[in-house]
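K.L.:
Numbering (the numbering used here), first residue to last: 4 to 68. One structure coming up, written as structure tokens, with questions to follow.
Spelled out as structure tokens, the structure:
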């Protein structure tokens, strides 16, 4: 566990690079037809995902009521 409380383990990245045997963090469960699997990401893929999310948040316009 790092100072932010994140737990990194050695495993496989499911987020795009498909590297194996690297430090990964659990992002949540993948659920499909009643089955569950752990959704894991390595640091470079997680950083890419976070940047993509931040870019999306910054470009969103507030809804007009």
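We put the CB at the ideal spot given by N, CA and C, even for glycine.
Counting pairs of beta carbons, one from the segment 42-51 and one from the segment 10-23, are three or more of them closer than 8 Å?
P.N.:
The segment 42-51 vs the segment 10-23: in contact.
K.L.:
Counting C-beta neighbours from all protein chains within 10 Å, is the total for residue 10 16 or more, i.e. buried, or is it exposed?
P.N.:
It is exposed - the Cβ of residue 10 has fewer than 16 other Cβ atoms within 10 Å.
K.L.:
On a Cα-Cα basis, can you pick out the residue from 28, 57, 55 that is closest to residue 7?
P.N.:
Of 28, 57, 55, the residue nearest in Cα terms is 28.
K.L.:
DSSP puts residue 23 in a beta bridge; with which residues?
P.N.:
Note: residue 23 sits in no beta bridge, so no partner.
K.L.:
Residue 38 lies in the beta strand (DSSP E); which residues open and close that run?
P.N.:
From DSSP, the beta strand (DSSP E) with residue 38 extends over 38-45.
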